[in-house]
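Q:
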Amino acid sequence: MARHASEPVLVPWRLALEGGARAALTDPQDLLQRAQEDVGVHILLERCPRAAAPDGDFGEPQEVVTIRGTMWQKRQAVRAIIERLLEHQGVPNGSGSMLLLLPSSGFESLQAPELWSGLQLLGAQLSLPSPGFPGSRFLARARGNRDQILSTATRVNTLFQDLADHGRLNDRDFTEDPSSVPSLALVPQQLQHPQALQEETQRMLQERVQQQLRELKQRSAGTAQGAPVAPTILRRPSLQEAQPPPTPVPSEQRTNGNHHPGPLPLALLLPSRLVEDFLVPQDHLAEVARRCAIHLDVASENPPGQRQVSLYGDPGKVGMALLQLQMRSACCPWN
Numbered sequence: 000m001a002r003h004a005s006e007p008v009l010v011p012w013r014l015a016l017e018g019g020a021r022a023a024l025t026d027p028q029d030l031l032q033r034a035q036e037d038v039g040v041h042i043l044l045e046r047c048p049r050a051a052a053p054d055g056d057f058g059e060p061q062e063v064v065t066i067r068g069t070m071w072q073k074r075q076a077v078r079a080i081i082e083r084l085l086e087h088q089g090v091p092n093g094s095g096s097m098l099l100l101l102p103s104s105g106f107e108s109l110q111a112p113e114l115w116s117g118l119q120l121l122g123a124q125l126s127l128p129s130p131g132f133p134g135s136r137f138l139a140r141a142r143g144n145r146d147q148i149l150s151t152a153t154r155v156n157t158l159f160q161d162l163a164d165h166g167r168l169n170d171r172d173f174t175e176d177p178s179s180v181p182s183l184a185l186v187p188q189q190l191q192h193p194q195a196l197q198e199e200t201q202r203m204l205q206e207r208v209q210q211q212l213r214e215l216k217q218r219s220a221g222t223a224q225g226a227p228v229a230p231t232i233l234r235r236p237s238l239q240e241a242q243p244p245p246t247p248v249p250s251e252q253r254t255n256g257n258h259h260p261g262p263l264p265l266a267l268l269l270p271s272r273l274v275e276d277f278l279v280p281q282d283h284l285a286e287v288a289r290r291c292a293i294h295l296d297v298a299s300e301n302p303p304g305q306r307q308v309s310l311y312g313d314p315g316k317v318g319m320a321l322l323q324l325q326m327r328s329a330c331c332p333w334n
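Just so it is clear: in the sequence shown, position 42 is 41 by numbering that gives the first Met the number 0, and no numbers are missing.
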């Protein structure tokens with residue numbers, strides 16, 4: 000199967016392993032082998048080359064795990080790897096770290112403002128070496144909990160994929176042994192980009208956007224009359240019914256530790272992949288917030304595979320933001 004013209008290189012994730020990390024991933028259960036069997040990724044374990052380390056970072060990784068596949072496959076595999084690494088670090092439910100091995104030719108892409116605004120939005124951290132370092136490889140350390148580390152790695156991978164799509168990176172930038180790059184004939188699934196998420200998201204938003212706009216108008220009218228207005232939350236019916244209704248607090252809301260005066264938010268429950276792999280990395284959320292003069296909050300993944308995006312502001316502007324998100328989500332390039 001030939002490569003798609005718009006994707007000459009499928010950029011892998013390369014995780015540099017420190018200390019006893021390899022043993023933690025392979026004992027008592029070989030997580031790398033399981034990822035290949037269950038998710039369909041191609042995994043290669045290599046000796047880690049010399050690479051520039053982040054400022055003040057004294058980690059000395061001995062090996063690197065190279066994971067190839069679609070974005071969905073890589074995220075599924077790395078999610079489990081991160082969980083095992085955090086357990087190995089003694090912080091299974093807290094804040095740990097993971098090292099990414101990256102080609103030096105893509106270092107400048109990590110200076111993109113949208114990357115750092117997205118990381119700030121999610122409370123994640125990324126440490127890099129100072130510019131001008133020698134060598135063809137460098138290390139970047141992602142810090143946070145499992146979801147934050149996974150989101151950081153996703154954003155970095157998205158930026159490097161864009162460079163590869165424009166011919167600025169090739170397969171040799173992501174391996175120490177070019178002969179180890181798998182034949183496309185052996186991994187055809189890696190070139191079949193899933194359309195299910197795009198179709199599901201577009202259909203969900205198209206079916207409900209008009210209903211949400213009507214409810215926004217009702218909320219606006221209720222606010223003008225001084226009546227308390229409950230937030231509208233897009234959830235699956237079973238989840239909606241299982242949770243008690245929230246208590247209205249019309250004067251001030253608190254989300255993620257921040258106070259937001261004014262009307263209650265419109266909360267959208269969206270697939271995590273849409274938020275983490277497209278809306279945030281491509282700066283869509285920040286741009287919608289700027290264009291529509293509203294505030295956006297992204298909550299942690301709950302339930303699994305879903306993220307709540309809360310829209311604060313004037314109901315009319317929130318309605319415009321909702322339409323903007325619908326149009327942008329429909330343009331998600333997973334086809």
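All residues carry an ideal CB built from backbone N, CA and C; glycine is no exception.
(1) So, under 8 Å CB-CB, Leu310 and Leu322 are touching, yes? Tell me the CB distance rounded to an integer number of Å.
(2) If you drop the 5 nearest sequence neighbours on each side, which residues of the same chain put their C-beta closer than 6 Å to that of Ala163?
(3) For Gly55, which residues from the same chain have a beta carbon less than 7 Å from its beta carbon, with the 5 sequence-adjacent residues on both sides left out?
(4) Hey, would you say Val317 sits closer than 7 Å to Leu267, going by beta carbons?
(5) Please name the residue in Arg290, Ala123, Gln160 and Leu43 whose C-alpha comes closest to that of Pro102.
(6) So, are the CB atoms of Ala50 and Arg136 less than 7 Å apart?
(7) Evaluate Pro112 with the Cβ neighbour count: other Cβ atoms within 10 Å of its Cβ, from every protein chain shown; 16 or more gives buried, anything less gives exposed.
(8) Drop a sphere of 10 angstroms on the beta-carbon of Arg33, count the other beta-carbons inside from all chains shown, and report buried for 16 or more, exposed for fewer.
(9) Secondary structure at Ala123, three-state DSSP: helix, strand or coil?
(10) Looking at the structure shown, is Ile293 part of a helix, part of a strand, or coil, going by DSSP?
(11) State the Cα-Cα distance for the pair Asp26 and Asp282, rounded to the nearest angstrom.
(12) CB-CB under 6 Å to Arg327, same chain, minus the five flanking residues each way: which ones, in chain order?
(13) So, for Ile232: in the same chain, excluding its five sequence neighbours on each side, which residues have a beta-carbon less than 6 Å away from its beta-carbon?
(14) Can you say whether Ser178 is buried or exposed, counting buried as having 16 or more other CB atoms within 10 angstroms of its CB?
(15) What do you get for Asp276, buried or exposed, if any count of 16 or more other CB atoms within 10 angstroms of its CB means buried?
(16) Apply the 10 Å Cβ neighbour rule to Gln147 and answer buried if 16 or more other Cβ atoms are within range, or exposed otherwise.
(17) Per DSSP, what are the beta-bridge partners of Gly143 in this structure?
(18) When the distance is taken between beta carbons, is Ile81 closer than 7 Å to Arg145?
A: The short version:
(1) Here residue 310 refers to the residue found at position 311 when the sequence shown is read from its first residue. Here residue 322 refers to the residue found at position 323 when the sequence shown is read from its first residue. Wrong, their Cβ atoms sit about 11 Å apart, outside the cutoff.
(2) Indexing the sequence shown from 1 puts residue 163 at position 164. In chain order, Val8 and Val10 place their CB closer than 6 Å to the CB of Ala163, counting only its own chain and leaving out the 5 sequence neighbours on each side.
(3) Here residue 55 refers to the residue found at position 56 of the sequence shown. Closer than 7 Å at Cβ, skipping near neighbours: no residue.
(4) Looking up residue 317 in the sequence shown gives position 318. Looking up residue 267 in the sequence shown gives position 268. Going by C-beta atoms, Val317 is not nearer than 7 Å to Leu267.
(5) Counting from one through the sequence shown, the residue named residue 102 turns up at place 103. Nearest of Arg290, Ala123, Gln160 and Leu43 to Pro102, Cα basis: Gln160.
(6) For the purposes of this step, residue 50 is taken as residue 51 along the sequence shown, with counting starting at 1. For the purposes of this step, residue 136 is taken as residue 137 along the sequence shown, with counting starting at 1. The Cβ-Cβ distance between Ala50 and Arg136 falls below 7 Å.
(7) Against the sequence shown, residue 112 aligns to sequence position 113. Under this definition Pro112 is an exposed residue.
(8) The residue labelled residue 33 in the question sits at position 34 within the sequence shown. Burial call: exposed.
(9) Walking along the sequence shown from the start, residue 123 turns up at place 124. In this structure, Ala123 counts as coil in the three-state DSSP scheme.
(10) Stepping through the sequence shown from its first residue, residue 293 is reached at position 294. DSSP places Ile293 in the coil class of the three-state scheme, outside both helix and strand.
(11) Here residue 26 corresponds to residue number 27 of the sequence shown, with the count starting at 1. Here residue 282 corresponds to residue number 283 of the sequence shown, with the count starting at 1. The C-alpha of Asp282 is placed about 39 Å away from the C-alpha of Asp26.
(12) Indexing the sequence shown from 1 puts residue 327 at position 328. Exclusion of the five residues before and after Arg327 leaves His283 as the residues of its chain whose Cβ lies within less than 6 Å of its Cβ.
(13) Taking the sequence shown and counting its residues from 1, the one referred to as residue 232 is at position 233. At Ile232 the pLDDT is 35, less than 50, meaning the model places this residue with poor confidence; the figure from the coordinates comes in the next sentence. Here the set comprises Ala266.
(14) Here residue 178 is taken as the residue at index 179 of the sequence shown, counted from 1. Exposed, because fewer than 16 other Cβ atoms sit within 10 Å of the Cβ of Ser178.
(15) Here residue 276 refers to the residue found at position 277 when the sequence shown is read from its first residue. By the 16-neighbour rule on beta-carbons within 10 angstroms, Asp276 is buried.
(16) Stepping through the sequence shown from its first residue, residue 147 is reached at position 148. Gln147 counts as buried, since no fewer than 16 other beta carbons sit within 10 angstroms of its beta carbon.
(17) As a working note, residue 143 is residue 144 in the sequence shown. BP columns for Gly143 point to Gly95.
(18) As a working note, residue 145 is residue 146 in the sequence shown. As a working note, residue 81 is residue 82 in the sequence shown. Arg145 places its beta carbon less than 7 Å from that of Ile81.
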